[in-house]
Amino acid sequence: MSTPEVLRSEWIKIRSVRSVAGSLIAVFLVTLAVTLLAFATVGQAEAENSDDLVFGAFYALNFGQIAAVSFGATALSSEYLNGALRISLAAVPRRGLFYAVKMTLIGTLALVVGLATSFIAFLVGQLFMGEYAIGLGEPGVLRAAFGGGIYLALMALLAAGLTVVLRSAVAVLSLLIPFVLIVSFVVGDIASGVALYLPDRAGQLVLHQNPEGDLGPWAGLAVTAGWAGLALLVGWCAMSRRDA
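Each residue of the sequence shown is one higher than the one before, starting from 118 at the first, in the numbering used here.
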């Protein structure tokens, strides 16, 4: 099969498997729902006591990232159900092509949805902020909006690479979600310098107006990209060496 044909077949898979398509849609819906709930109720009260209105404006991405991780994991785990991977590799014997196309499609879809989510959630949230509302022209906002979308895509790719290694979405979600929600904060309380190099904490520096620490916003996002790249590399090693 040629690259366009593989791309088309992989797109059909993602679109037709409910759990995969649903988790991608959830990136947008969950982020928007949290934005509406949080900003309509305590948005202005929180802004009054906040030193970083830009970071607060993208608060809901903390929940959207969980859906992004789920998308990356389920997009790969479907290949390990009922021998689907054997069928995929029979159709596309070139494992490098299969892996590259699949990861490219996952990353592209997550990026497109992530960018839309980041911008729309920001704009909707500011409708409830009254005197504390900020615009896209505020220093750091455009960078945070673009960076937020990129961050979501990188987290999806990180999960996708790990899923190839572990062959289970449940295992990856059990590992990454507690890590993002609990472990990185515990590490941050114990050793804040080390925590800045964890994938979630580093990537979220791009959401701050004036990030603290040694890493800048784009350098932090580069650290997350490094984690995602490492996961993809290890995933490729597993894909190329293991039997289907």
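Just so it is clear, CB atoms sit at the ideal spot from N, CA and C, and this is done for glycine as well.
Residue i, enclosing alpha helix (DSSP H) - first and last residue
i	result
Q321	Counting along the chain, Q321 falls outside any alpha helix (DSSP H), and DSSP gives it neither H nor E.
F145	R135 to T158
L347	P334 to R358
P210	Note, P210: premise wrong, no alpha helix (DSSP H); not H, not E.
V287	A286 to P295
Residue i, DSSP secondary structure in three states
i	result
S195	helix
A326	For the record, residue 326 in the displayed sequence is Gln; it is not Ala. Looking at Q326 - three-state DSSP - the assignment turns out to be coil, as it is neither helix nor strand.
L244	coil
N166	coil
L274	helix
L315	coil
S301	helix
Y205	Here residue 205 is Ser; the residue named in the question, Tyr, does not match the sequence. Helix.
Y268	helix
G173	helix
L214	helix
P256	coil
S187	helix
S119	coil
G231	helix
C-beta atoms of residue i and residue j nearer than 8 Å
i	j	result
S140	A184	yes
A277	L347	no
L324	L178	yes
T280	A273	no
A238	T152	yes
S301	A262	no
G242	G160	yes
Y216	M356	yes
L338	G231	no
V218	V123	yes
A345	L275	yes
L170	Y268	no
L332	L313	yes
V282	G352	yes
L73	E329	Any answer about residue 73 is impossible in this case: the structure gives the chain only from 118 up to 361.
Euclidean distance between Cα positions of residue i and residue j
i	j	result
G266	L292	22 Å
P121	A164	48 Å
L350	P316	16 Å
F145	S119	32 Å
F172	Q326	7 Å
M246	F156	7 Å
F296	L290	9 Å
V303	G320	17 Å
T158	F180	17 Å
C354	G213	10 Å
V209	S195	16 Å
Q182	I204	31 Å
R132	V147	19 Å
P334	L322	5 Å
For the stretch 226-237 against the stretch 140-154, do three or more pairs of beta-carbon atoms, one drawn from each stretch, fall closer than 8 Å, so that the two count as touching? yes
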